[in-house]
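Asks:
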Amino acid sequence: MKKMIPEITKQQLESSSNIMYKMMKILYPICRSITGNSVRKTLEIIKNEIPIQTFEIPTGTPVLDWTIPKEWNIYDAYIKNSNGEKIIDFKNSNLSILNYSIPVHKKISFEELKDHLFYLQNQPDLIPYRTSYYNENWGFCLPYNLFCKLDPKDEYEVFIDSTLESGSLTYGESFLKGELDQEIVFSCYICHPSLCNDNLSGPVLLLSLINILSKIKLKYSYRFLFIPETIGAIAWLHNNLGRLSKIIGGFVVTCIGDSGPFTYKKTRVGNSYIDKVVKKALKDSNLTYKIREFDPHGSDERQFSSPGFNLNFGSLMRTPYAEYPEYHTSADNLNFIRKENLASSLKIYYDVIKIIETDGIYINKYPHGEPQLGRRGLYDEIGGHSDLSNLKKCIFWVLNFSDGNHSLLDISLKAKENYNVIKLATDLLLKKDILIEKENFKNPL
Amino acid sequence: MKKMIPEITKQQLESSSNIMYKMMKILYPICRSITGNSVRKTLEIIKNEIPIQTFEIPTGTPVLDWTIPKEWNIYDAYIKNSNGEKIIDFKNSNLSILNYSIPVHKKISFEELKDHLFYLQNQPDLIPYRTSYYNENWGFCLPYNLFCKLDPKDEYEVFIDSTLESGSLTYGESFLKGELDQEIVFSCYICHPSLCNDNLSGPVLLLSLINILSKIKLKYSYRFLFIPETIGAIAWLHNNLGRLSKIIGGFVVTCIGDSGPFTYKKTRVGNSYIDKVVKKALKDSNLTYKIREFDPHGSDERQFSSPGFNLNFGSLMRTPYAEYPEYHTSADNLNFIRKENLASSLKIYYDVIKIIETDGIYINKYPHGEPQLGRRGLYDEIGGHSDLSNLKKCIFWVLNFSDGNHSLLDISLKAKENYNVIKLATDLLLKKDILIEKENFKNPL
Amino acid sequence: MKKMIPEITKQQLESSSNIMYKMMKILYPICRSITGNSVRKTLEIIKNEIPIQTFEIPTGTPVLDWTIPKEWNIYDAYIKNSNGEKIIDFKNSNLSILNYSIPVHKKISFEELKDHLFYLQNQPDLIPYRTSYYNENWGFCLPYNLFCKLDPKDEYEVFIDSTLESGSLTYGESFLKGELDQEIVFSCYICHPSLCNDNLSGPVLLLSLINILSKIKLKYSYRFLFIPETIGAIAWLHNNLGRLSKIIGGFVVTCIGDSGPFTYKKTRVGNSYIDKVVKKALKDSNLTYKIREFDPHGSDERQFSSPGFNLNFGSLMRTPYAEYPEYHTSADNLNFIRKENLASSLKIYYDVIKIIETDGIYINKYPHGEPQLGRRGLYDEIGGHSDLSNLKKCIFWVLNFSDGNHSLLDISLKAKENYNVIKLATDLLLKKDILIEKENFKNPL
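Quick mapping for you: the protein sequence lines, in order, are chains F, L and H.
4 is the number of the first residue of the first sequence in the working numbering; add one for each residue after it.
4 is the number of the first residue of the second sequence in the working numbering; add one for each residue after it.
4 is the number of the first residue of the third sequence in the working numbering; add one for each residue after it.
Structural data, given as structure tokens:
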């Protein structure tokens, strides 16, 4: 028998952050893309830690309005100058290849070469991350400083040992069955090569979350997606159309390893249950945070929140993608991530789940005037929690608003009191048989 | 034939404030509690001024979730040191006894005594007010400075000549019948011994309000409760369950004699008719004030607004209980109260009633375009009120929004104009037969 | 075949502003009033530029709650002192006569004269504008400085050569029929003599607007009223009761030639379609502006928005009447108006119409996930508008919110993006057959 969802401990957070950072180091060197063996290898490594089911969808399969593309694999790539010196070597950085480059091997002039080179004039030391998934092309990415040193009169040998052929798209899914069928979805993407905050922070956080949740008796079911961005979300939606009505809401998990404050991007409707839960978890955390409205840009919330599905997907990040200078460059590396950031991100996600799991609507059995608490020993119970100066207040909030219309989350928001204390007050009132749970509060939607 | 509710005059306010302060001086020396002869004597004194009906509910009677407690009476109490000197003498301050102390007479060590002594380290010169209604105990309250002077090695004689026996709980009720059955309730408590702002300011204000209203022909009915806090509200609710549906709303009247700005604590729903009226009365007063949301703490609004009743009770105070340092100490005495504060508090309560009494929905009989006012002599009428620069504007507000959906209160809030001028504009338009009263606007709920 | 509503060009604005200012100069010298040949002459001049139908309603005709007054015409007026010198000469300023003065010719003392003189002590050099339409009287308006120079002991000859007799009230109407019967009304007043911002700026702007719109194929119908204030609006409403249900909303056009920022006075309901359109047009203009709530004062919105009609009339002005010192004085003259102000006011009105004409609700045909835009060449289309950095974002806004519940205007407000770019994004998506127009979106009300 598993225990009801407890507070996450410091110890759990510390050991989880070690595992998260270790996993990030293991996954970092793989040159991931939206298809190919790199994805399979990534999922294999994750599978060593948590149960995960993988799916393969063949090239050419129609998925919603899209088609599964050819599978891409890369083995080697370089540019040599006429002296035979390797100017750029894929072995030094996965980012140095335009992701999804077709194979090429030829000698070309600088004129021809430079249309295939990508760099950042404003960040001259960094290698940018570029892709060309749906437009067959080849190219290299390099620091602008290196680009400037290239001799325009020289001849260059370009070599890309890649394959772009029929194959399949791979994704992984992990599922924790709770007492109820209704589920919360956590989605991360696994298609970026050697990029830490905007990519690997998501999978490693989910890995730790699954580890912790799998030891707990859960009320709701939880699904975790490890998918290539965009096409993976579209493929997953296509394959799970019949199951979408079970989804209460979800999260796109990314950019949660940097040192910025939290940013929550709300769901499309803007006042969903998910939004209220996150707002309260952030508020109670005493950390700084910002909440912003939904917009139809960004990551896979674009697909989950498309108007035909309109699923309540939010995105709880630290610094959002494209809003930090290291984004999509070689600077979004292992040094950019801090273990303690991963730990506090994990805690917020856990606290969000804790609210979802423990929320409910209760009915005050003595709604006419206040029930006499002293007679029932409630004041002794309060005395037993003398560290919680607001427990008594919370008891009166719960009593007054447990009228069948307010859930514990609603009451905690109205009272501007910590959710955990509202929950504790509820537990004490339940113990004294003053509250009863409202039947059929199974789905907060 | 009584007159329709007029403006309250300066003279009325001055004479009322003299009566209020005089009554407070008469009531101050009584050692009130939630039951006993002190409550009876308090009500007897009030009865000399206004008609009041008193009720007695026997000890042991179940009321809602509670039971009427034993009746408490106190006659004398002191502590003597071994030299026979009275260290504390109940005759010097009603606060020096723990309210509801059981009888005791014995010699005890300082060790034993000190568990029965209550003081305020942060306010060392003041005697605190403490009670133990539902937990049989005895004790004394004293200044911390006096406590420090007690000899820990001495032996002390403690004497409390009290009775805690079967009896009854006493409360009083005054009722002014209006044209309609619907009623507004004003509730104050009469259970605090020798405390002025948090307690006596309420009863003396109601006394003056009843005096003034009893000379006026009223539209609504008004009920005034003089009850012990908590148990009295519960007992009254229990005895009046069949009448609650007549209650439009009400007020818990307390803390209205100090010099702080007004604070209005809204009703549970937060946008009731009562809330709108008070907001407008405060706005029009040009005094400073704050409006705060309902919370399920505080005074008897906790009972009236419990979810099973959900009556619209607000609390219009000056400085709220527990938010001024004199609260529940010997410093909340006659010097803490100023007559002019009582007077302006009385005026606000009167103005609240004035809005309730005169509000209504009227229908513009000429809603298509503006009616031609000149032809009807309206501009001459406006000229007759040349001191009211906004009267003409108010006439157009009333004309435009007397569409059957807006009461005068609504219009005055929308127009941000003084309610009295909106009312005057309405009277002029009625006189010229441009408006008619909407039938069946009998209850603003 | 006319073209769909295009952007207004700089050239159009420049030539329109020249016409507007020229027309203002032509109309300025006429001593208009609410009836009489001056109104006929004004409409005749306007008729030279645009098609306009004129209406005559006989004196004595009942209109709503009013009656058409006698017709007023003025030919000459002066005051002479005893030396036979003209102190005030109507020929020098149309404002010098109390508008609607009855005829008079007599010699009177200063004592009697001064009750018929109107001046502004605070603006001693200016002649005020005064009327006495519904109260038979005579009078002269003059600068306070001139008033001070009058000899109180002198005798004065007053002469007013006017007629106030049975006749008719005249107003004009221009109508542009669109594809739909639903119409937008633009109303201006033509009753002020020699006043530019508060009066003539309205008619000349409408004249240019009609000129431009008449060359365009329109979706909605547009009606333009040239009426005397108040009584003209009442007469027009009276004559058009059966047509009011076709009116989506309208504008009272006045005070749009001064140099102040725009002020929009909202419609009575405060959140009508008209209000949303103006808010967006102003926002997109990058000009400074203020938006204020409806009040039942002001100009003819008082009649159109009276509760029996409750038409959605807003007022998009620059500095509102009575809020600039030149208002209703001889200083509201041709020098107070600037061509470029008229031009930018015309542009805003045109942009408002452009939004109304092009707004619609569209349905995303591929609402499940994002449609694959690359495959359809959408990215090439976006590339063709490289000056519009937000076009791609707007495409995703349109895709996500074209769910049948949001019009383009709604989407542009939600996205905080320029309406024109939202419209362009929509056009590209329509071209690629990704959107279809929702049937029966004919009336935004």
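Glycine is no exception: its CB is placed at the ideal position from the N, C-alpha and C atoms.
Run through DSSP, which three-state label would Ile130 (chain L) get?
Replies: Looking at Ile130 (chain L) - three-state DSSP - the assignment turns out to be coil, as it is neither helix nor strand.
Asks: Applying the criterion that 16 or more other CB atoms from any shown protein chain within 10 Å of the CB defines a buried residue, is His195 (chain H) buried or exposed?
Replies: So His195 (chain H) ends up on the buried side.
Asks: Where Ala80 (chain F) and Ala236 (chain F) are concerned, what is the direct C-alpha to C-alpha distance, given to the nearest angstrom?
Replies: Cα to Cα, Ala80 (chain F) sits roughly 30 Å from Ala236 (chain F).
Asks: What first and last residue would you give for the beta strand (DSSP E) that runs through Trp75 (chain F)?
Replies: Counting along the chain, the beta strand (DSSP E) containing Trp75 (chain F) begins and ends at 74–83.
Asks: Check each residue of the stretch 169–187 of chain F: if its Cβ is closer than 7 Å to any Cβ of chain H, include it; give the result in chain order.
Replies: The stretch 169–187 of chain F vs chain H, Cβ under 7 Å: nothing.
Asks: Residues of chain A with CB closer than 7 Å to the CB of His300 (chain L), please, in chain order.
Replies: Looking at the structure shown, chain A is missing, and the protein chains on hand are F, L and H.
Asks: Pop quiz: Phe229 (chain H) and Ser318 (chain H) are said to be a contact at Cβ under 8 Å. What is the actual Cβ separation, rounded to whole angstroms?
Replies: With a Cβ gap of about 17 Å, Phe229 (chain H) and Ser318 (chain H) do not count as contacting.
Asks: Would you decide whether Tyr103 (chain F) is buried or exposed? Buried here means 16 or more other CB atoms lie within 10 Å of its CB.
Replies: The residue in question, Tyr103 (chain F), is buried, as its Cβ has 16 or more Cβ neighbours within 10 Å.
Asks: Starting from Glu420 (chain F) and walking both ways along the alpha helix (DSSP H), at which residues does that stretch end?
Replies: Unbroken run through Glu420 (chain F): none, as it is neither H nor E.
Asks: Nearest by alpha-carbon distance to Leu208 (chain L): which of L:Leu345, L:Ile364, L:Glu442, L:Ile60 is it?
Replies: Comparing Cα-Cα distances from Leu208 (chain L) to each of L:Leu345, L:Ile364, L:Glu442, L:Ile60, the minimum goes to L:Leu345.
Asks: Comparing the C-beta of Asp68 (chain L) with each C-beta of chain F, is any distance below 8 Å?
Replies: Yes, because at least one Cβ of chain F sits closer than 8 Å to the Cβ of Asp68 (chain L).
Asks: Sorted by chain position, which residues of the same chain lie with C-beta nearer than 8 Å to Phe339 (chain L)'s C-beta, five sequence neighbours on each side aside?
Replies: So the list reads Cys199, Asn200, Gly260, Asp261, Glu329, once near-sequence residues are dropped.
Asks: Note down, in chain order, all residues in the stretch 349–376 of chain L with a beta-carbon under 8 Å from any beta-carbon belonging to chain H.
Replies: The residues in question are Asn367, Tyr369, Pro370, His371, Gly372, Glu373, Pro374, Gln375.
Asks: State the CB to CB distance for the pair Ile130 (chain L) and Cys144 (chain L), rounded to an integer number of angstroms; the pair is presumed to be in contact (CB under 8 Å).
Replies: Right, their Cβ atoms sit about 5 Å apart.
Asks: Under a Cβ-count criterion, where at least 16 other Cβ atoms within 10 Å of its own Cβ denotes burial, should Gly142 (chain F) be classed as buried or exposed?
Replies: When all chains shown are included, Gly142 (chain F) counts as buried.
Asks: Rank F:Glu442, F:Asn408, F:Leu391 by C-alpha distance to the C-alpha of Tyr422 (chain F) and give the top, closest one.
Replies: Per the Cα distances, F:Leu391.
Asks: Determine, for Phe143 (chain L), whether the minimum Cβ-Cβ distance to residues of chain F falls below 8 Å.
Replies: Cβ-Cβ to chain F under 8 Å: no for Phe143 (chain L).
Asks: Chain F beta carbons: is any one of them nearer than 8 Å to that of Ser36 (chain L)?
Replies: With 8 Å as the cut-off, Ser36 (chain L) does not count as an interface residue toward chain F.
Asks: What residue range does the beta strand (DSSP E) around Gln124 (chain L) cover?
Replies: Gln124 (chain L) -> no beta strand (DSSP E), and no H or E assigned at all.
Asks: Since Glu232 (chain H) contacts Tyr174 (chain H) with CB under 8 Å, what's their CB separation in whole angstroms?
Replies: Contact flag wrong, Cβ pair sits at about 11 Å.
Asks: Could you give the distance in angstroms between the alpha-carbon of Asp354 (chain H) and the alpha-carbon of Ser248 (chain H)?
Replies: The straight-line gap from Cα to Cα measures roughly 25 Å.
Asks: Quick check on this structure: which residue in L:Glu114, L:Ser348, L:Lys441, L:Leu376 has the alpha carbon closest to the alpha carbon of Tyr24 (chain L)?
Replies: Selected option, being the one with the closest Cα: L:Ser348.
Asks: If contact is defined by three or more beta carbon pairs under 8 Å, each pair taking one atom from either stretch, is the stretch 214–227 of chain F in contact with the stretch 63–70 of chain F?
Replies: They do not touch, by the three-pair rule.
Asks: Quickly, what does DSSP pair Ser177 (chain H) with across the bridge? List them, please.
Replies: BP columns for Ser177 (chain H) point to H:Phe227.
Asks: Under a CB-based cut-off of 8 Å, is Asp406 (chain H) close to chain F?
Replies: At least one chain F Cβ lies under 8 Å of Asp406 (chain H).
Asks: Does the ligand COA have a heavy atom nearer than 7 Å to the CB of Ile437 (chain F)?
Replies: In the structure on display, the ligand COA does not appear, and there are no ligands present to speak of.
Asks: Could you check whether Tyr292 (chain F) and Pro310 (chain F) sit closer than 8 Å to each other, using their CB atoms as the reference points?
Replies: Cβ atoms of Pro310 (chain F) and Tyr292 (chain F): not closer than 8 Å.
Asks: Are the beta-carbon atoms belonging to Ile82 (chain H) and Tyr147 (chain H) less than 8 Å from one another?
Replies: Not a contact, by the Cβ cut-off of 8 Å.
Asks: In this structure, how does DSSP classify Leu448 (chain F) when only helix, strand and coil are distinguished?
Replies: Bear in mind that a pLDDT of 48 at Leu448 (chain F), under 50, signals an unreliable position, so the model cannot answer this.
Asks: Could you spell out the range, first to last residue, of the alpha helix (DSSP H) harbouring Pro206 (chain F)?
Replies: First-last of the alpha helix (DSSP H) with Pro206 (chain F): 204–216.
Asks: Please report how far the alpha carbon of Pro106 (chain H) lies from the alpha carbon of Thr38 (chain H), in whole angstroms.
Replies: Cα-Cα distance, rounded: 16 Å.
Asks: Where does Asp278 (chain H) sit, in a helix, a strand or coil, going by DSSP?
Replies: Helix at Asp278 (chain H).
Asks: If you compare alpha carbons, which of H:Val42, H:Met320, H:Ser204 is closest to Lys28 (chain H)?
Replies: For the residues H:Val42, H:Met320, H:Ser204, the minimum Cα distance to Lys28 (chain H) belongs to H:Ser204.
Asks: What distance in whole Å lies between the Cβ atoms of Ile48 (chain F) and Asn214 (chain F), which are believed to be in contact at a cut-off of 8 Å?
Replies: About 14 Å; that fails the 8 Å criterion.
Asks: Indicate whether the contact test is met: 3 or more Cβ pairs, each with one atom in the stretch 355–375 of chain L and one in the stretch 296–306 of chain L, closer than 8 Å.
Replies: No, they do not touch.
Asks: What would DSSP say about Cys194 (chain H), mapped onto helix, strand or coil?
Replies: Cys194 (chain H): coil per DSSP, three-state reduction.
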